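Asks: Residue numbers (our numbering): 290 to 720.
Ideal placement from N, C-alpha and C gives every residue a C-beta, glycine not left out.
None of these values were measured; they are calculated from a predicted model.
Supplied in structure tokens, the structure appears directly below.
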């Protein structure tokens, strides 16, 4: 089958200069005096994307994802290797890229359409559909530099999907949009998939990646870490990110504070079941046997309330000796993004060693902030070791999911920060 995109041993480097003087010196000597070091954003990248495939790219910031997309878009050329792209490419990369900020939205629609090879008549036929999808009203006649970031991405996405692309490149720009527009964009991405459009999708929203991706490539410091079916790659990526987070928060065993006297590791009763298992990994020398979310009265709850107190109860059983047990959980939002997490070692509690057959139950008492209404999932885990050096025994993705209630006040953004307000009014205004 003919490919839509092909990378063959592609590497991309950027020259890094210590100062502008070094750059000028090198130019003046026509590279005879090298004054720069090479930064390799990508190293030996090889993959094919088939027509109609949705191919996702994940990785940490600085791993080379945007460079890869710019190579596909033709904005950059590889330092080594070859990039072959078959078909019209429409790209939604950096926010507002390709827009002239001094032109109106309407002018930019026609300018971008012309760059992508459409005639004025073809753009005329699409113009009403573009403005209807963007929903920015009379701002279409105002300079783009007056737009908010959300309005800019609305117009950029509307143009990108209405030029009949055979290949659509989508970077993190959609993260700027509001929930309503993001949902429409994701529906449109699914629609383009069914129409056979090849999509190269870069996102930190793992939930979106799992929803749309046929295959996924994981970039790590410019190199391919994993390439394959999306579910398999995402599980390995999330596990690595969890380990990295643990390393960042590491507390060395010899310097860890002793457990407070009277600390309770065995709750009055154990959590009896795991409601859901999306993915599970670990060496299973110990395993999670149950998780519950309890309200302030100690009863299982099915709805989270903003600014309330909950208890996350996790039970684990040892099948082999566990010298340094560490039990914890990760809280994820509706996009699959790791929102918050903790564990017994992070909180300064040293659990006693577990012997085969031992069951430990840990209660995490949390004061929830005022979070935006949405679904939140809890992923429990048990490991053996310190935060820096450990072996994962059992990790269960999204073992239990609960809806966050609306509460009494509006939440702007992701959460409402506790705030104390003081107002000072001039004396003459008090009358």
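1) So residue 453 and residue 568 are in contact, right, with Cβ under 8 Å, and what is the actual spacing, rounded?
2) Output yes or no for whether 8 Å exceeds the beta carbon distance between residue 327 and residue 304.
3) Please classify residue 435 as buried or exposed, where buried requires at least 16 neighbouring CB atoms within 10 angstroms.
4) Residues in the same chain with beta-carbon distance under 6 Å from residue 306, minus the five sequence neighbours each way, listed in chain order, please.
5) For the candidate residues 675, 604, 676 and 596, whose alpha-carbon lies nearest to that of residue 704?
6) Hey, quick one: how far does the alpha helix (DSSP H) through residue 609 stretch, first residue to last?
7) Would you give the residue range spanned by the alpha helix (DSSP H) that residue 440 belongs to?
8) Hey, quick one: how far does the beta strand (DSSP E) through residue 582 stretch, first residue to last?
9) As a quick exercise: from 429, 673, 406 and 405, pick the residue whose alpha carbon is nearest that of residue 396.
10) Applying the 10 Å Cβ sphere with the 16-neighbour rule, what's the burial state of residue 354?
11) Are the CB atoms of residue 564 and residue 688 within a distance shorter than 8 Å?
12) What does the alpha-carbon distance come out to for the pair residue 469 and residue 445?
13) Are there 16 or more other CB atoms within 10 angstroms of the CB of residue 323, so buried, or fewer, so exposed?
14) Which residues in the same chain have their Cβ closer than 7 Å to the Cβ of residue 620, if we skip the five residues on either side of it in sequence?
15) In whole angstroms, what is the alpha-carbon distance linking residue 379 and residue 482?
16) Applying the 10 Å Cβ sphere with the 16-neighbour rule, what's the burial state of residue 708?
17) By Cβ distance below 8 Å, which residues in the same chain neighbour residue 624 in space, the five residues on each side in sequence not counted?
18) Per DSSP, residue 475 forms a beta bridge with which residues?
19) Classify residue 427 as helix, strand or coil using the three-state DSSP reduction.
20) Would you tell me roughly how many angstroms separate the C-alpha atoms of residue 587 and residue 601, rounded to the nearest one?
21) Can you check which of these residues, 487, 392 and 421, is closest to residue 473 by C-alpha distance?
22) Leaving out five residues before and five after residue 575 in sequence, what residues of the same chain have Cβ atoms less than 8 Å from its Cβ?
23) Rounded to whole angstroms, what's the CA-CA distance from residue 376 to residue 636? Just pull it up for me.
24) Taking all protein chains shown into account, do 16 or more other C-beta atoms lie within 10 angstroms of the C-beta of residue 710, making it buried, or fewer, making it exposed?
25) Quick one: what does DSSP say residue 432 is sitting in, helix, strand or coil?
26) With a CB to CB cut of under 7 Å and the five nearest residues on each side skipped, what residues in its chain are close to residue 539?
27) Just tell me which of 713, 662 and 716 has its CA closest to the CA of residue 691.
28) Where does residue 515 fall in DSSP's three states?
29) Would you tell me roughly how many angstroms separate the C-alpha atoms of residue 730 and residue 617, rounded to the nearest one?
30) Can you find the residues in the same chain that come closer than 7 Å, C-beta to C-beta, to residue 391, ignoring five residues on each side of it along the sequence?
31) Which ranges would you report for the alpha helix (DSSP H) in the stretch 295-320 if only whole runs of at least 4 residues count?
32) Roughly how many whole angstroms lie between the Cα atoms of residue 413 and residue 423?
33) How should residue 716 be labelled, buried or exposed, when 16 other C-beta atoms within 10 angstroms of its C-beta is the threshold for buried?
34) Quick check on DSSP: helix, strand or coil for residue 632?
35) Can you tell me which of the three DSSP states residue 293 falls into?
36) Among the residues of its own chain, which have a CB less than 6 Å from the CB of residue 503, if the five just before and after it don't count?
Replies: Result, derived from the coordinates:
1) The sequence position of residue 453 within the chain shown is 164, counting from 1. The sequence position of residue 568 within the chain shown is 279, counting from 1. Contact doesn't hold; Cβ gap of about 37 Å is too wide.
2) Looking up residue 327 in the chain shown gives position 38. Looking up residue 304 in the chain shown gives position 15. Contact flag set, yes.
3) On the chain shown, position 146 is the one that residue 435 refers to. Exposed.
4) Counting from 1 along the chain shown, the entry for residue 306 is found at position 17. The residues are 312 and 325.
5) For this step, residue 704 is matched to residue 415 along the chain shown. When each option's Cα is compared against that of residue 704, the closest is 596.
6) Walking along the chain shown from the start, residue 609 turns up at place 320. Looking at the DSSP string, residue 609 is not in any alpha helix (DSSP H), and its letter there is neither H nor E.
7) To locate residue 440, count along the chain shown from 1; it is residue 151. Residues 438-450.
8) For the purposes of this step, residue 582 is identified with residue 293 of the chain shown, where counting begins at 1. Where residue 582 is concerned, the enclosing beta strand (DSSP E) stretches over 575-583.
9) Taking the chain shown and counting its residues from 1, one reaches residue 396 at position 107. If we check each option's Cα against that of residue 396, 429 comes out closest.
10) The residue given as residue 354 occupies position 65 in the chain shown. Result: buried.
11) Here residue 688 refers to the residue found at position 399 of the chain shown. Here residue 564 refers to the residue found at position 275 of the chain shown. Yes; because the gap between Cβ atoms is below 8 Å, this pair is in contact.
12) Against the chain shown, residue 469 aligns to sequence position 180. Against the chain shown, residue 445 aligns to sequence position 156. Looking at the two C-alpha atoms, the distance is approximately 16 Å.
13) Within the chain shown, numbered from 1, the residue matching residue 323 stands at position 34. The residue is exposed, with fewer than 16 neighbouring Cβ atoms inside 10 Å.
14) Reading the chain shown from its first residue, position 331 is the one you call residue 620. 628, 629, 630, 665 and 667, listed in sequence order.
15) Indexing the chain shown from 1 puts residue 379 at position 90. Indexing the chain shown from 1 puts residue 482 at position 193. Using only the alpha carbons, I get a separation of about 14 Å.
16) Mapped onto the chain shown, residue 708 falls at position 419. Label assigned to residue 708: exposed.
17) The sequence position of residue 624 within the chain shown is 335, counting from 1. Within the same chain, residue 624 has close Cβ partners 494, 495, 496 and 497.
18) By one-based count along the chain shown, residue 475 stands at place 186. In DSSP, residue 475 forms no bridge with anything.
19) For the purposes of this step, residue 427 is taken as residue 138 along the chain shown, with counting starting at 1. Looking at residue 427 - three-state DSSP - the assignment turns out to be helix.
20) Taking the chain shown and counting its residues from 1, the one referred to as residue 587 is at position 298. Taking the chain shown and counting its residues from 1, the one referred to as residue 601 is at position 312. Roughly 10 Å separates the two Cα atoms.
21) Position 184 of the chain shown, counting from 1, holds the residue named residue 473. Taking only the C-alpha atoms, the option nearest residue 473 is 421.
22) Within the chain shown, residue 575 is the residue found at index 286, counting from 1. Correct list, in chain order: 605, 606, 607, 608, 609, 611, 614, 643, 671, 673, 682 and 683.
23) Start at 1 with the first residue of the chain shown, and residue 376 comes out as number 87. Start at 1 with the first residue of the chain shown, and residue 636 comes out as number 347. Answer to the nearest angstrom: the Cα atoms are 54 Å apart.
24) Indexing the chain shown from 1 puts residue 710 at position 421. Exposed, by the Cβ-count rule.
25) Residue mapping note: residue 432 aligns to position 143 of the chain shown, counting from 1. Strand at residue 432.
26) For the purposes of this step, residue 539 is taken as the residue at position 250 of the chain shown. Confidence at residue 539 is low in this model, with a pLDDT of 47, below 50, so its placement is unreliable and no value can be given for it.
27) Reading the chain shown from its first residue, position 402 is the one you call residue 691. Comparing Cα positions, the closest option is 662.
28) Working through the chain shown from its first residue, we reach residue 515 at position 226. Correct three-state label for residue 515: strand.
29) The displayed coordinates of the chain run from 290 to 720. Any statement about residue 730 would go beyond what the structure contains.
30) In the chain shown, residue 391 corresponds to position 102, counting from 1. Answer for residue 391: 432 and 434, listed in chain order.
31) 309-317
32) The count along the chain shown starts at 1 and reaches residue 413 at position 124. The count along the chain shown starts at 1 and reaches residue 423 at position 134. Approximately 16 Å, taken between the alpha carbons.
33) The residue labelled residue 716 in the question sits at position 427 within the chain shown. With fewer than 16 other Cβ atoms within 10 Å, it is exposed.
34) Numbered from 1 along the chain shown, position 343 holds the residue referred to as residue 632. In the structure shown, residue 632 sits in a strand (DSSP, three-state: E or B).
35) As a position in the chain shown, residue 293 is number 4, starting the count at 1. It is coil, neither helix nor strand.
36) In the chain shown, the residue the question calls residue 503 occupies position 214. Excluding sequence neighbours, residue 503 sits near 342 and 343.
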